[in-house]
Amino acid sequence: MEEFQFSQGKNLRCGYTTGSCATAAAKAAATMLLGGTRVDCVHIDTPKGIGLNLEPLEVEMCTDYVSCAIRKDSGDDPDDTHGILVYARVEKAAGEGVEICGGVGVGVVTKPGLACPVGSPAINPTPRKMIISEVTKVMQEYNYKAGLRVTISMPEGVEIAKKTFNPRLGILGGLSVLGTSGIVEPMSEKALVETMYVEMNAQKAKGTKDLLVFFGNYGEDFTRDIMQLDLDKAVTCSNFVGELLDYAVFCGFETLLLIGHSGKLVKLSQGVMNTHSKYADCRTELMALQAMFHGASPDVGKEIYKCLTTDEVTKVLKREGLFEVVIQEVVDRIDYYMQHRVHGKIKTGALMFSNVYGILGQTKEAESLVKLHIKGE
2 MEEFQFSQGK NLRCGYTTGS CATAAAKAAA TMLLGGTRVD CVHIDTPKGI
52 GLNLEPLEVE MCTDYVSCAI RKDSGDDPDD THGILVYARV EKAAGEGVEI
102 CGGVGVGVVT KPGLACPVGS PAINPTPRKM IISEVTKVMQ EYNYKAGLRV
152 TISMPEGVEI AKKTFNPRLG ILGGLSVLGT SGIVEPMSEK ALVETMYVEM
202 NAQKAKGTKD LLVFFGNYGE DFTRDIMQLD LDKAVTCSNF VGELLDYAVF
252 CGFETLLLIG HSGKLVKLSQ GVMNTHSKYA DCRTELMALQ AMFHGASPDV
302 GKEIYKCLTT DEVTKVLKRE GLFEVVIQEV VDRIDYYMQH RVHGKIKTGA
352 LMFSNVYGIL GQTKEAESLV KLHIKGE
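Using the working numbering, the letters of the sequence shown map in sequence onto residues 2 to 378.
Structure follows, in structure tokens:
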């Protein structure tokens, strides 16, 4: 697979996620188990629409199971998982369908509020769907009607996980199997900012005055599928809100509407203009403080502070009858910091959503800015 992202005269090579590796390994192992012969290449489809042809390694074929691995490739911006082997062991099982288990180096979820249930392996929803889809294709090809058990492991993940936030989040013993698109796009900050500028320049060149912005895939999916807005004037800012706002002023856009998941957007209410977790994480601190300002007990404040995600915070706030007032304080502060950054030179708005609770709140100009992006308007 050779997929590139062009930025300011440079071609940056994309890679593929641990979720894609697990999927390819599972499909290859299932094919060898049910077909009885070794395969040298396996094809999978990714949610991004890019097909991957990957080589199974470390193949072990036995009567009762087959195991193989795919080597992770993170492209031109390698992360800690670049080059590790992601294994899948596939064996016949009672019942029907595909059962997915976690092996060595795949973390176990021990706290609520994450994408996977407590007690389950940290294999996120999209990789699970990918594995089930591709393995099911193999079962149908060989007319296999019983069940298959797929165990994913990443032995090197045991040590790598110690350098991540996983233990703090309650994911113990290894890494998470991740990926919403199946493809790793280069995450060089300079490259990402330059790419955002290119997108904004393209919008300026075609006469766009009203800009629609997402942090990434979650925002785009929510805006298109739930809000059903026109994405023709949209760009992606990744974590770089400060650079986004500065360049929007420079380009002369008249309005800017930022639609983002609460996990990102809440940080902006503290003036954090780069929302990557390595720079700052003030989500639960701010919301705990605002809850106590509006009557929450210290115990409730501590409960909010210890929440792992903003969805968990929202659950507590709704239980305590404090959701509306706290969210209003949050979006008011977001509005303040956005306008402070652009010095009032353009009209800005922000809409905050949750995949669980839908739209959580919006700044005072957001409703009018949303109307600028309704399809057909």
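Yeah, the Cβ is synthetic: ideal placement off N, Cα and C, and Gly gets one too.
Query - DSSP three-state assignment for Lys210, whether helix, strand or coil - result: coil
Query raised in the report: Quick one, which of Asp233, Arg320 and Ile71 has its alpha-carbon nearest Lys207's?
Result: Asp233
Report task. Taking only beta-carbon positions, decide if Glu195 is within less than 8 Å of chain C. Result -> In summary, chain C is missing from the structure at hand, where a single protein chain is found.
Query raised in the report: Grouping DSSP H, G and I as helix and E and B as strand, with all else coil, what is His295?
Result: coil
Query - Ala46 in three-state terms, based on DSSP - result: At residue 46 the sequence reads Asp, which differs from the Ala that was named. Strand.
Requested in this report: Confirm, please, whether the CB-CB distance from Gly183 to Thr64 is below 8 Å.
Outcome: no
Query raised in the report: For Ser21, does the count of other Cβ atoms within 10 angstroms reach 16, so buried, or fall short, so exposed?
Result: buried
Requested in this report: Have a look at the DSSP bridge pairing and note the partners of Ser270.
Outcome: BP columns for Ser270 are empty, so no partner.
Query raised in the report: Residues bridged to Met131 by DSSP?
Result: Paired residue(s): none; Met131 is not in a bridge.
Query - Inter-residue spacing [alpha-carbon to alpha-carbon] between Arg320 and Leu290 - result: 17 Å
Requested in this report: Less than 8 Å between the CB atoms is what I'm expecting for Ile124 and Gly103, so what's the real figure, rounded?
Outcome: 6 Å
Report task. Taking only the alpha-carbon atoms, compute the straight-line gap between Val332 and Tyr143 and give it to the nearest angstrom. Result -> 54 Å
**Report entry** Whole-angstrom distance between Lys49 and Phe122, CA atom to CA atom
**Finding:** A quick correction: the sequence has Pro, not Phe, at residue 122. Approximately 24 Å, taken between the alpha carbons.
**Report entry** Residue nearest to Gly96 in terms of C-alpha spacing, selected from Leu53, Gly36, Ala147 and Gly106
**Finding:** Ala147
Query raised in the report: For the beta strand (DSSP E) that contains Arg39, what are its first and last residues?
Result: No beta strand (DSSP E) contains Arg39, which DSSP labels as neither H nor E.
**Report entry** the segment 217-225 / the segment 235-249 touching (three or more Cβ pairs under 8 Å)
**Finding:** yes
Query raised in the report: Whose C-beta lies closer than 8 Å to the C-beta of Gly243 among residues of the same chain, with five residues either side of it excluded?
Result: Met274, Asn275 and Arg342
Requested in this report: Round the Cβ separation of Val110 and Ile153 to the nearest angstrom and send it over; I've been treating them as touching at under 8 Å.
Outcome: At roughly 14 Å, the Cβ-Cβ gap does not stay under 8 Å, so Val110 and Ile153 are not in contact.
Query raised in the report: Can you give the Cα-Cα distance for Asp81 and Gly158, rounded to whole angstroms?
Result: 9 Å
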